[in-house]
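Protein sequences, first through last, are from chains V and E. Going by the numbering used here, the first sequence opens with residue 189, and the numbers climb by one from there. Going by the numbering used here, the second sequence opens with residue 3, and the numbers climb by one from there. For glycine and all other residues, C-beta sits at the position ideal for the given N, C-alpha and C. It should be emphasised that the depicted structure is a prediction, and the values quoted were computed from it without experimental measurement. Report on the structure given below.
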Amino acid sequence: MLEARLEQSSVLKKVVDAIKDLVQDCNFDCNDSGIQLQAMDNSHVALVAMHLKTEGFALYRCDRNIALGINLVSLQKVLRAAQNEDVMTLKAEDSPDALSLVFENSENDRISEYDLKLMDIDQEHLGIPETEYGATVKMPSAEFQRICRDLSLLSESVAIEATKEGIKFSCTGDIGKGAVTLRQNPNVEKPELGTTIELQEPVALTFSLKYLVNFCKASGLSNTVTISLSNEVPLLIEYEMEHGYVRFYLAPKIGD
Amino acid sequence: TPLQNDLHEFFTMV
């Protein structure tokens with residue numbers, strides 16, 4: 189059986205908020221390394237991979253591998269009943285047809301108990317090769333979100349170019365064009381506010397802004413985001429948490 | 003508008 193306790197409900201609430209517009213039904217795979225999820229969007233353009241590691245749980249017990257087939261919209265309805273600071277306990281049997289969720293406030297005088305019906309989800313699993321990326325950019329997640337939102341008002345696509353000059357996001361649309369260039373600017377006192385660029389080789393790729401804006405819903409998970417790029421392979425966007433991560437992969441667009 | 007790739011072109015099913 190599974191028994192997993194999070195000190196703060198906000199961790200799972202934020203993860204679900206971050207991915208629910210990308211995927212609808214997915215398996216939460218529970219095993220002795222924690223809770224993992226991998227799912228593609230319907231159009232097979234984007235993939236989300238999530239891992240909540242056992243170290244992030246106040247209590248974690250999972251005797252055998254359990255797949256929890258969850259509709260994320262339904263899960264979000266139940267999670268709405270949890271306050272951010274509530275302790276959350278997830279419980280499931282070995283072949284469960286429901287997931288039990290218990291939310292307890294810090295004063296320990298309120299216990300909320302919910303059951304969420306599970307579903308059988310036959311999900312394909314993709315092997316993601318280890319990749320040496322041509323360019324890796326670490327920057328404030330709020331700034332990346334702002335750039336994606338601003339450019340999405342002008343165009344459907346963004347060209348991302350990483351050179352030794354910096355990383356340039358540019359787009360062209362019906363009303364005009366826009367570009368934002370970031371130069372390497374490490375912040376010694378507050379590293380989460382700096383921008384670092386590791387460049388092995390120049391990279392130039394084009395991506396759908398609709399998806400990037402969607403990924404930015406994970407900004408609440410981390411102050412920083414890591415963007416990894418190589419020519420002609422999917423982009424990797426990673427939001428690292430204290431004990432886990434949410435990663436998004438996005439297939440590039442191909443020539444006009 | 004450029005055409006969109008599919009992730010299956012890059013990642014294999016396991």
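(Q) Here's the rule: buried if 16 or more other CB atoms are within 10 angstroms of the residue's CB, otherwise exposed. What is Ile223/V? (A) The residue given as residue 223/V occupies position 35 in the first sequence. Buried: at least 16 other Cβ atoms inside 10 Å.
Q. For Asn373/V, does the count of other Cβ atoms within 10 angstroms reach 16, so buried, or fall short, so exposed?
A. Here residue 373/V refers to the residue found at position 185 of the first sequence. Asn373/V should be labelled exposed.
Q. Got a sec: which bits of the segment 215-236 of chain V sit with their beta carbon under 7 angstroms from any beta carbon on chain E, in order along the chain?
A. If the cut-off is 7 angstroms between Cβ atoms, the segment 215-236 of chain V has Met228, His232, Val233, Leu235 near chain E.
Q. Which residues does DSSP pair with Lys441/V in a beta bridge?
A. Walking along the first sequence from the start, residue 441/V turns up at place 253. In the DSSP output, where bridge partners are listed per residue, Lys441/V has Gln6/E.
Q.
For Ala255/V, which residues in the same chain have their Cβ closer than 8 angstroms to its Cβ, ignoring the five residues on either side in sequence?
A. Taking the first sequence and counting its residues from 1, one reaches residue 255/V at position 67. Around Ala255/V: Asn215, Phe216, Asp217, Cys218, Ile309.
Q: Give, in chain order, every unbroken run of the beta strand (DSSP E) that is at least 3 residues long and sits entirely within the segment 350-385 of chain V.
A: DSSP assignment within the segment 350-385 of chain V yields the following whole beta strand (DSSP E) runs of 3 residues or more, N-terminal first: 354-360, 365-370.
Q.
If we define contact as Cβ-Cβ less than 9 angstroms, is Thr277/V a contact residue for chain E?
A. Taking the first residue of the first sequence as 1, we reach residue 277/V at position 89. False, the Cβ-Cβ gap to chain E never drops below 9 angstroms.
Q.
Using only the alpha-carbon positions, how far apart do Ala280/V and Ala286/V sit?
A. For this step, residue 280/V is matched to residue 92 along the first sequence. For this step, residue 286/V is matched to residue 98 along the first sequence. Approximately 7 angstroms between the Cα atoms of the pair.
Q: Give me the Cα-Cα distance between Gln388/V and Tyr248/V, rounded to the nearest whole angstrom.
A: If you number the first sequence from 1, residue 388/V lands on position 200. If you number the first sequence from 1, residue 248/V lands on position 60. Each residue's Cα considered, the two are about 40 angstroms apart.
Q. Nearest to Ala237/V by alpha carbon, out of Lys202/V, Gln226/V, Ser407/V?
A. On the first sequence, residue 237/V is found 49 positions in, with the first residue counted as 1. For the residues Lys202/V, Gln226/V, Ser407/V, the minimum Cα distance to Ala237/V belongs to Gln226/V.
**Q.** Nearest residue (CA-CA) to Asp205/V, options Lys265/V, Leu423/V, Tyr302/V, Leu417/V
**A.** Taking the first sequence and counting its residues from 1, one reaches residue 205/V at position 17. The shortest CA-to-CA distance from Asp205/V to any of Lys265/V, Leu423/V, Tyr302/V, Leu417/V is the one to Lys265/V.
Q: Under 8 angstroms by Cβ, that's how I've got Ala234/V and Leu210/V pegged, so tell me the actual separation to the nearest angstrom.
A: One-based indexing of the first sequence puts residue 234/V at position 46. One-based indexing of the first sequence puts residue 210/V at position 22. Confirmed, about 6 angstroms.
Q. In the DSSP assignment, what are the bridge partners of Ala237/V?
A. In the first sequence, the residue the question calls residue 237/V occupies position 49. Answer is Gln226/V, Arg435/V.
Q. Out of curiosity, what's the CA-to-CA distance linking Gly364/V and Leu341/V?
A. Residue numbering aside, residue 364/V sits at position 176 when the first sequence is read from its first letter. Residue numbering aside, residue 341/V sits at position 153 when the first sequence is read from its first letter. Taking the straight line joining both Cα atoms gives about 10 angstroms.
Q. If you measure beta-carbon to beta-carbon, which residues of the segment 392-407 of chain V are closer than 8 angstroms to chain E?
A. Residues passing the 8 angstroms Cβ filter: Thr394, Ser396.
Q: Tell me Val391/V's beta-bridge partners as DSSP assigns them.
A: Residue mapping note: residue 391/V aligns to position 203 of the first sequence, counting from 1. Partner(s): Ala350/V.
Q | Chain-ordered residues of the segment 305-327 of chain V with a beta carbon less than 9 angstroms from chain E | A | Glu312, His313, Leu314, Gly315, Ile316, Pro317
Q: Check the C-beta distance from Ser197/V over to Gln271/V and give it rounded, since I have them as a contact under 8 angstroms.
A: Walking along the first sequence from the start, residue 197/V turns up at place 9. Walking along the first sequence from the start, residue 271/V turns up at place 83. Indeed, because the Cβ distance is near 7 angstroms, the residues count as touching under 8 angstroms.
Q) Cβ-heavy atom distance between Gly366/V and the ligand GTP below 8 angstroms? A) Of ligands this structure carries none, so the ligand GTP is not represented either.
Q.
Using 8 angstroms for Cβ pairs, my map puts Thr360/V next to Pro4/E. What's the rounded Cβ distance?
A. Locating residue 360/V in the first sequence gives position 172, where the first residue counts as 1. Locating residue 4/E in the second sequence gives position 2, where the first residue counts as 1. Not quite, the Cβ-Cβ distance comes to about 12 angstroms (not below 8 angstroms), so this is no contact.
Q. With Leu417/V and Gly354/V assumed to form a contact (beta carbons below 8 angstroms), what rounded beta-carbon distance in angstroms separates them?
A. Here residue 417/V corresponds to residue number 229 of the first sequence, with the count starting at 1. Here residue 354/V corresponds to residue number 166 of the first sequence, with the count starting at 1. Actually they do not touch by this definition, with Cβ atoms about 13 angstroms apart.
(Q) In whole angstroms, give me the CA-to-CA distance for Leu9/E and Glu426/V. (A) As a working mapping, residue 9/E is identified with position 7 in the second sequence. As a working mapping, residue 426/V is identified with position 238 in the first sequence. C-alpha separation (whole angstroms): 17 angstroms.
Q) Among residues of its own chain, excluding the 5 on either side of Asp303/V, which ones have a beta-carbon nearer than 8 angstroms to its beta-carbon? A) Working through the first sequence from its first residue, we reach residue 303/V at position 115. Cβ neighbours of Asp303/V beyond the five flanking positions: Ala286, Leu287, Ser288, Leu289.
Q) From the beta carbon of Gly443/V, is the nearest beta carbon of chain E less than 9 angstroms away? A) What you label residue 443/V is simply residue 255 of the first sequence in a count that begins at 1. Yes - at least one Cβ of chain E is within 9 angstroms of the one on Gly443/V.
Q. What separation, rounded to the nearest whole angstrom, lies between the Cα atoms of Phe291/V and Lys356/V?
A. For the purposes of this step, residue 291/V is taken as residue 103 along the first sequence, with counting starting at 1. For the purposes of this step, residue 356/V is taken as residue 168 along the first sequence, with counting starting at 1. If I take the Cα positions, the gap works out to 45 angstroms.
Q. Which residue comes first and which comes last in the beta strand (DSSP E) that contains Ile415/V?
A. Numbered from its first residue, the first sequence carries residue 415/V at position 227. Looking at the DSSP string, the run of the beta strand (DSSP E) that includes Ile415/V is 412-417.
Q. Along the chain, where does the beta strand (DSSP E) that runs through Ser407/V open and close?
A. Looking up residue 407/V in the first sequence gives position 219. Segment: none, Ser407/V is in no beta strand (DSSP E) and carries neither H nor E.
Q | Cβ-based burial, Ala350/V [other Cβ within 10 Å; buried from 16] | A | By 1-based counting over the first sequence, the position of residue 350/V is 162. It is buried - the Cβ of Ala350/V has at least 16 other Cβ atoms within 10 Å.
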